[in-house]
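Novice: Going by the working numbering, the first residue of the sequence shown is number 1267, and it counts up by one from there.
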Amino acid sequence: MEPRFITTAEAAERLGVHRTRINVLIREGRLPAKLFGKVYLIEEEKLALVSDRKPGRPPKAESAKPAKKAARKKGK
1267 MEPRFITTAE
1277 AAERLGVHRT
1287 RINVLIREGR
1297 LPAKLFGKVY
1307 LIEEEKLALV
1317 SDRKPGRPPK
1327 AESAKPAKKA
1337 ARKKGK
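Structure below.
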């Protein structure tokens, strides 16, 4: 049986996420896809690789923003 390919939009709809999230998963290498011109196509069965991911946004890494806010408060 030949693999069935779907678009990033179809993959996003099936996983309940936005299409840009699918592009991030592809870029990170977590979701294999093939590039045809400017369009990524994903084997339908490969969705199982990311279907058990945790819902929601991953926690943000420590950043310099709080330090900048503290520096601005001192200047006032």
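The C-beta atom is built at its ideal place from N, Cα and C for all residues, glycine as well. On a predicted model such as this, the values are computed, not experimentally measured, just so you know.
Label V1316 either buried or exposed according to how many other C-beta atoms from any shown protein chain fall within 10 Å of its C-beta, with 16 as the threshold for buried.
Specialist: Result: buried.
Novice: Would you give the residue range spanned by the alpha helix (DSSP H) that E1310 belongs to?
Specialist: Segment: none, E1310 is in no alpha helix (DSSP H) and carries neither H nor E.
Novice: Are the CB atoms of E1311 and R1271 within a distance shorter than 8 Å?
Specialist: It should be pointed out that residue 1271 corresponds to Phe in this sequence rather than to Arg. No; because the gap between Cβ atoms is not below 8 Å, this pair is not in contact.
Novice: Which residue wins for smallest C-alpha separation from R1285, given the options F1302, T1273, G1295, R1296?
Specialist: Checking every option, the nearest Cα to that of R1285 belongs to T1273.
Novice: Looking at the structure shown, is L1316 part of a helix, part of a strand, or coil, going by DSSP?
Specialist: Per the sequence presented here, residue 1316 reads as Val, with Leu not at that position. It is coil, neither helix nor strand.
Novice: List the DSSP bridge partners of V1305.
Specialist: Its beta-bridge partners are F1302.
Novice: Tell me whether A1299 is buried or exposed, calling it buried when 16 or more other Cβ atoms sit within 10 Å of its Cβ.
Specialist: A1299 comes out buried.
Novice: Between G1303 and chain B, is the shortest Cβ-Cβ distance under 8 Å, so that the two count as touching?
Specialist: Included in the structure is just one protein chain, with no chain B present.
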